[in-house]
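Per the numbering used here, the very first residue in the sequence shown carries number 1258; after that it's consecutive. The block underneath contains the structure these notes are about, expressed in structure tokens.
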Amino acid sequence: MAHLTAIEISNWIAIYVAAGLCCAIAMVLSVSMALHGLWKERAWTDIGTVRGAVLFIPKAWWRWQKLYFLSTPVTLGIVGSFAASLSWA
1258 MAHLTAIEIS
1268 NWIAIYVAAG
1278 LCCAIAMVLS
1288 VSMALHGLWK
1298 ERAWTDIGTV
1308 RGAVLFIPKA
1318 WWRWQKLYFL
1328 STPVTLGIVG
1338 SFAASLSWA
């Protein structure tokens, strides 16, 4: 089994930190945009009925999921270009 050098270990840690930061930024942006969309549509007015109350959480969850998954190509691009800029030797 091959062992990683100190440079490789530090590069992998840097890549994971960069991915974590990008995901945290994407999380904050997607949650804020989902809340803004719910606020703009006044989605809480549908909660008055049983059907509206039951469907509110999945509707809000799906809105957030779409926004968060749209950030995936950007996150992969940023982290991939960062990884390509590291010196592995």
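Ideal Cβ positions, reconstructed from N, Cα and C, are used throughout, including at glycine.
query	result
Residues near A1346 by beta carbon distance below 8 Å, same chain, minus five either side	I1264
8 Å Cβ cutoff met for A1317 and L1295	yes
Simplified DSSP state of R1346, which is helix, strand or coil	This sequence places Ala at residue 1346; Arg is not what is there. Coil at A1346, not helix or strand.
8 Å Cβ cutoff met for L1324 and A1300	no
4 or more residues per run - each alpha helix (DSSP H) lying fully within the region 1267–1337	1307–1327
Exposure of S1342, with buried meaning 16 or more beta-carbon neighbours within 10 Å	exposed
Coil, strand or helix - A1340 by DSSP	helix
Sequence-distant residues of the same chain with beta carbon closer than 7 Å to N1268, five excluded per side	L1343 and W1345
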